[in-house]
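Asker: Okay, handing you the structure first.
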Amino acid sequence: MRLASLLLVACCLPAAAQQPWLVIAGSFPSATEAIKLTAKLRAIEPASVVMSSDCENLRQGLYLSAAIVTTDRAVAQSALERAKTIAHDSYLRECKARPASRIALNVPAIDPSIERVPDDAVNWTDEDRTSTVAKLPSGYLWLRRTYVAAPGDPQEGRRTAALFFAAKPAEARQLTEDCSDSGHAQNGTRVALSCARESAGDNLFHEITVYDTSTARPLLQIKHCRKPNLPTPNQLACQVEEVDAQGTLRLRPKQLEIPSK
Amino acid sequence: MANFCNLKEQRISEVTVPYSMDPGAKSVTIGLWGFLDFEGKELQLASTPYVNVKKGGVTGYLNRVRLYELSSYHTGTWEIDAVTQSGGTWDTLKVHVSAPKDQWGGDSSQWTQEKKLASLDAALRPKVARILDILRSAGFQPKVFFGWRSVKVQLELFNRGVTKVKFSFHNAQKPNGTPNAYAADIVDSRWGWGDAAQANGFWDALGDAAKSQGLVWGGDWTTFKDVAHVQSKQNSELAAVKRESGL
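Structure follows, in structure tokens:
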């Protein structure tokens with residue numbers, strides 16, 4: 036029953052569809068406290084972190100530790116009683132989901148792997164912990180932020196997988212396993228994605244890959260280029276990056292033909 | 246026998262030298278009284294690499310004093326021995342190098358090479374100097390682009406989106422705020438990060454030289470490369486270094 040309710044949540048329902056109910060066990064201005072409480076709640080409920088900014092009617096800018104997210108109010112009410120055994124001031128709120136938001140698309144705002152980020156990690160920010168979804172002209176670009184336990188990793192295990200889906204995240208195709216400082220453009224079935232790949236003094240070097248979204252197959256790749264644009268489905272425009280010995284970044288425009296297949 | 250002395254030919258056992266990169270800092274002149282051994286051969290000063298010793302003229306009563314100028318940008322206490330050619334030590338002088346008056350402000354990418362080297366951890370400094378030597382002898386024109394930079398500057402860069410980290414081994418400092426970087430970025434002054442650096446084999450040469458000194462080279466990282474970067478700590482030590490820095 037509970038699982039059925041969860042599967043009903045939000046994904047791709049028309050605006051008039053039933054909105055999800057949240058059992059909110061705590062709300063926090065930063066991610067880490069919400070993640071800790073959510074991990075505790077998961078012992079008794081399918082808890083998750085919800086961004087209040089995904090709900091039009093809630094105070095914005097908060098990380099909500101939700102014991103359950105369900106369209107079934109009775110299920111939510113029942114979960115509320117159990118949640119109070121862990122967070123006694125838990126309460127029930129309806130979420131008026133913003134169109135194309137994470138909660139509307141059933142995309143987790145915080146991946147469960149993030150709970151394993153070491154407490155003394157130095158360079159993890161809330162942004163590194165929080166997944167995003169960007170609405171494209173056709174489909175969605177999902178930046179799924181995860182933690183990978185990799186001793187000695189210069190990124191302290193931070194990863195941002197880039198995925199594309201047309202309508203349902205369950206059908207998402209992974210474009211690349213890591214893509215920080217991303218930029219994108221779309222034209223038809225082509226998506227150009229730029230990802231930071233290298234440091235160059237005080238600058239980042241990017242790599243752009245153009246994908247066919249129907250297969251997630253890369254069609255073209257260019258290093259040291261940023262700001263992708265697809266003026267036509269067969270042309271990539273970007274800004275070539277050069278950094279001189281004084282650390283000065285210079286950009287110059289470049290245009291390439293994209294192979295058809 | 247010989248002994249170190251001041252310009253009044255009074256014996257000294259220690260001397261204080263100002264931090265040489267402070268504005269207006271001057272070298273300190275000392276003397277070695279009785280600088281010839283029993284066979285008339287001149288004694289040599291066996292100095293740590295952290296103190297620059299420049300030999301001067303002969304002076305004093307009966308020309309018994311050899312002058313030397315001392316300078317250094319390595320804060321700490323070091324020793325200089327006056328040794329005979331057969332290896333005997335006839336006197337020892339303690340050299341206290343003052344802490345810098347300069348607060349290490351400004352754009353650290355614009356500092357002199359000496360100052361950039363001075364901003365490195367004492368154990369890393371000679372290794373980076375050796376890397377520069379190796380690269381020079383291979384025909385490259387290496388320079389330290391970055392040694393240390395302040396956490397404040399790092400945060401500015403982070404907020405501008407040009408770096409992905411708020412704290413790195415470049416930002417390590419002593420608890421009193423003195424720079425103590427465990428990392429340096431090295432480029433060829435002709436090419437920077439341009440394609441020519443790769444095409445001419447500079448990055449590979451830098452990686453080889455860094456590893457020959459037991460350092461970690463950022464070009465070996467597979468998830469996010471930093472080809473100009475060398476560091477003396479493992480990435481897993483970052484949290485400990487931040488704590489050690491008092492941050």
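Line order of the protein sequences matches chains G and Z. Start counting the first sequence at 36; every next residue gets the next number (the numbering used here). Start counting the second sequence at 246; every next residue gets the next number (the numbering used here). Even for Gly, the Cβ is constructed at its ideal location relative to N, Cα and C.
1. Going by C-alpha distance, which of Z/313, Z/288, Z/277, Z/283 is nearest residue 255 of chain Z?
2. Tell me the DSSP bridge mates of residue 309 of chain Z?
3. List, in chain order, every chain Z residue whose beta-carbon is nearer than 7 Å to that of residue 187 of chain G.
4. Could you pull out every residue in the same chain whose Cβ sits closer than 8 Å to the Cβ of residue 236 of chain G, ignoring the five residues on either side in sequence?
5. Am I right that residue 280 of chain G and residue 437 of chain Z are in contact with their C-beta atoms under 8 Å? What's the rounded C-beta distance?
6. Determine whether the beta carbon atoms of residue 275 of chain Z and residue 251 of chain Z lie at a separation below 8 Å.
7. With DSSP collapsed to three states, give me the class of residue 44 of chain G.
8. For residue 474 of chain Z, go through chain G and note every residue whose CB falls closer than 8 Å to its CB, in chain order.
9. For residue 248 of chain Z, count neighbouring Cβ atoms within 10 angstroms of its own Cβ and tell me buried if that reaches 16, exposed if not.
10. What is the DSSP secondary structure of residue 276 of chain Z, reduced to helix, strand or coil?
11. With a 10 Å radius around its C-beta and 16 neighbouring C-beta atoms as the bar for buried, classify residue 124 of chain G as buried or exposed.
12. From residue 243 of chain G to residue 468 of chain Z, what distance separates their C-alpha atoms?
13. Identify the residues that DSSP records as bridge partners of residue 255 of chain Z: which are they?
14. What do you get for residue 486 of chain Z, buried or exposed, if any count of 16 or more other CB atoms within 10 angstroms of its CB means buried?
15. Going along chain Z, which residues have a C-beta under 8 Å from residue 190 of chain G?
16. I want to verify the contact list: residues of chain Z whose CB lies under 7 Å from the CB of residue 269 of chain G, in sequence order.
17. Just list the alpha helix (DSSP H) runs in the stretch 310–348 of chain Z, keeping only unbroken ones of 4 residues or longer that don't cross its boundaries, in chain order.
18. Checking 8 Å against the spacing of the C-beta atoms, do residue 385 of chain Z and residue 455 of chain Z come in under that value?
19. Mind checking residue 193 of chain G: buried by the 16 CB within 10 Å criterion, or exposed?
20. Do the CB positions of residue 251 of chain G and residue 221 of chain G come within less than 8 Å of each other?
21. Which residues does DSSP list as the beta-bridge partners of residue 242 of chain G?
22. If I'm right that residue 245 of chain G touches residue 286 of chain G with Cβ under 8 Å, what's the distance once you round it to whole angstroms?
23. Examine chain G for any beta-carbon lying closer than 8 Å to the beta-carbon of residue 450 of chain Z, and answer yes or no.
24. Taking C-alpha atoms, which residue in Z/445, Z/257, Z/364 lies nearest to residue 320 of chain Z?
25. Along the stretch 378–390 of chain Z, what residues have a CB closer than 8 Å to any CB found in chain G?
26. Can you grab the Cα-Cα spacing for the pair residue 149 of chain G / residue 73 of chain G, in whole Å?
27. Give the range of the alpha helix (DSSP H) segment to which residue 113 of chain G is assigned.
28. Residue 277 of chain G touches chain Z at which residues, Cβ-Cβ below 7 Å?
29. Using a C-beta to C-beta distance shorter than 9 Å, which residues of chain G count as neighbours of residue 406 of chain Z?
30. I need the boundaries of the alpha helix (DSSP H) containing residue 161 of chain G, first residue and last residue.
31. Cβ of residue 365 of chain Z less than 8 Å from any chain G Cβ?
32. Determine the direct distance from the alpha carbon of residue 358 of chain Z to that of residue 369 of chain Z, and round the result to whole angstroms.
33. For residue 195 of chain G and residue 169 of chain G, what's the separation of their Cα atoms in angstroms?
34. Go to residue 59 of chain G, then tell me how far its beta strand (DSSP E) extends in each direction, as first and last residue.
35. Residues in the same chain with beta-carbon distance under 7 Å from residue 427 of chain Z, minus the five sequence neighbours each way, listed in chain order, please.
36. Below 7 Å on C-beta distance, what does residue 155 of chain G contact in chain Z?
Answerer: Once the coordinates are examined:
1. The count along the second sequence starts at 1 and reaches residue 255 of chain Z at position 10. Nearest of Z/313, Z/288, Z/277, Z/283 to residue 255 of chain Z, Cα basis: Z/277.
2. The count along the second sequence starts at 1 and reaches residue 309 of chain Z at position 64. Note: residue 309 of chain Z sits in no beta bridge, so no partner.
3. Your numbering for residue 187 of chain G matches position 152 in the first sequence. Within chain Z, the residues near residue 187 of chain G are 479, 480, 481.
4. As a working mapping, residue 236 of chain G is identified with position 201 in the first sequence. Within the same chain, Cβ atoms closer than 8 Å to the Cβ of residue 236 of chain G are found at 278, 282, the five residues on either side in sequence being excluded.
5. Your numbering for residue 280 of chain G matches position 245 in the first sequence. Your numbering for residue 437 of chain Z matches position 192 in the second sequence. Sure, about 4 Å apart at Cβ, within 8 Å.
6. As a first step, residue 275 of chain Z must be located in the second sequence, where it is residue number 30. As a first step, residue 251 of chain Z must be located in the second sequence, where it is residue number 6. Result yes, Cβ atoms of residue 275 of chain Z and residue 251 of chain Z sit closer than 8 Å.
7. Along the first sequence, one-based indexing puts residue 44 of chain G at 9. Low local confidence applies: a pLDDT of 40 at residue 44 of chain G is under 50, so the model's placement there is unreliable, with the coordinate-based value given in what follows. If DSSP states are grouped into helix, strand and coil, residue 44 of chain G belongs with coil.
8. Along the second sequence, one-based indexing puts residue 474 of chain Z at 229. Ordered by position in chain G, the residues that pass the 8 Å Cβ test against residue 474 of chain Z are 234.
9. Here residue 248 of chain Z corresponds to residue number 3 of the second sequence, with the count starting at 1. When all chains shown are included, residue 248 of chain Z counts as buried.
10. For the purposes of this step, residue 276 of chain Z is taken as residue 31 along the second sequence, with counting starting at 1. Residue 276 of chain Z falls in the strand class under three-state DSSP.
11. Position 89 of the first sequence holds residue 124 of chain G. Exposed.
12. The residue labelled residue 243 of chain G in the question sits at position 208 within the first sequence. The residue labelled residue 468 of chain Z in the question sits at position 223 within the second sequence. Their Cα atoms are separated by approximately 16 Å.
13. Locating residue 255 of chain Z in the second sequence gives position 10, where the first residue counts as 1. BP columns for residue 255 of chain Z are empty, so no partner.
14. Counted from its first residue, the second sequence places residue 486 of chain Z at position 241. With 16 or more other Cβ atoms within 10 Å, it is buried.
15. Taking the first sequence and counting its residues from 1, the one referred to as residue 190 of chain G is at position 155. Those are 409, 468, 469, listed as they occur along chain Z.
16. One-based indexing of the first sequence puts residue 269 of chain G at position 234. The premise fails here: residue 269 of chain G is roughly 26 Å from chain Z at the closest Cβ pair, so nothing lies under 7 Å.
17. If we require 4 residues or more, the stretch 310–348 of chain Z turns out to have no alpha helix (DSSP H) run fully inside it.
18. Counted from its first residue, the second sequence places residue 385 of chain Z at position 140. Counted from its first residue, the second sequence places residue 455 of chain Z at position 210. The answer is no: Cβ separation not under 8 Å.
19. Position 158 of the first sequence, counted from the start, is the residue given in the question as residue 193 of chain G. That one is buried.
20. By 1-based counting over the first sequence, the position of residue 251 of chain G is 216. By 1-based counting over the first sequence, the position of residue 221 of chain G is 186. Taking 8 Å as the Cβ cut-off, residue 251 of chain G and residue 221 of chain G do not qualify as a contacting pair.
21. Along the first sequence, one-based indexing puts residue 242 of chain G at 207. Residue pairing by DSSP places residue 242 of chain G opposite G/230, G/258 in a beta bridge.
22. Numbered from its first residue, the first sequence carries residue 245 of chain G at position 210. Numbered from its first residue, the first sequence carries residue 286 of chain G at position 251. About 19 Å separates the two Cβ atoms, so there is no contact after all.
23. As a position in the second sequence, residue 450 of chain Z is number 205, starting the count at 1. With 8 Å as the cut-off, residue 450 of chain Z does not count as an interface residue toward chain G.
24. Taking the second sequence and counting its residues from 1, one reaches residue 320 of chain Z at position 75. Answer by Cα proximity: Z/364.
25. If the cut-off is 8 Å between Cβ atoms, the stretch 378–390 of chain Z has 388, 390 near chain G.
26. Here residue 149 of chain G corresponds to residue number 114 of the first sequence, with the count starting at 1. Here residue 73 of chain G corresponds to residue number 38 of the first sequence, with the count starting at 1. When rounded, the distance between both Cα atoms is 11 Å.
27. Counting from 1 along the first sequence, the entry for residue 113 of chain G is found at position 78. Here the alpha helix (DSSP H) through residue 113 of chain G covers 108–118.
28. Numbered from its first residue, the first sequence carries residue 277 of chain G at position 242. 439, listed in chain order.
29. Position 161 of the second sequence, counted from the start, is the residue given in the question as residue 406 of chain Z. By Cβ distance, chain G contributes 216, 239.
30. What you label residue 161 of chain G is simply residue 126 of the first sequence in a count that begins at 1. Its alpha helix (DSSP H) spans residues 161–164.
31. Counting from 1 along the second sequence, the entry for residue 365 of chain Z is found at position 120. For residue 365 of chain Z, the answer is no, since every Cβ of chain G falls outside 8 Å of its Cβ.
32. Position 124 of the second sequence, counting from 1, holds the residue named residue 369 of chain Z. Position 113 of the second sequence, counting from 1, holds the residue named residue 358 of chain Z. In a straight line, the C-alpha of residue 369 of chain Z is about 15 Å away from that of residue 358 of chain Z.
33. As a first step, residue 195 of chain G is located in the first sequence; it is residue number 160 there, counting from the start. As a first step, residue 169 of chain G is located in the first sequence; it is residue number 134 there, counting from the start. Distance between the alpha carbons of residue 195 of chain G and residue 169 of chain G is about 14 Å.
34. For the purposes of this step, residue 59 of chain G is taken as the residue at position 24 of the first sequence. Start and end: 56–63.
35. Position 182 of the second sequence, counted from the first residue, corresponds to residue 427 of chain Z. Counting only Cβ-Cβ distances below 7 Å, and skipping sequence neighbours, we find 366, 369, 414, 417, 476, 477, 478, 486.
36. The count along the first sequence starts at 1 and reaches residue 155 of chain G at position 120. In chain order: 484.
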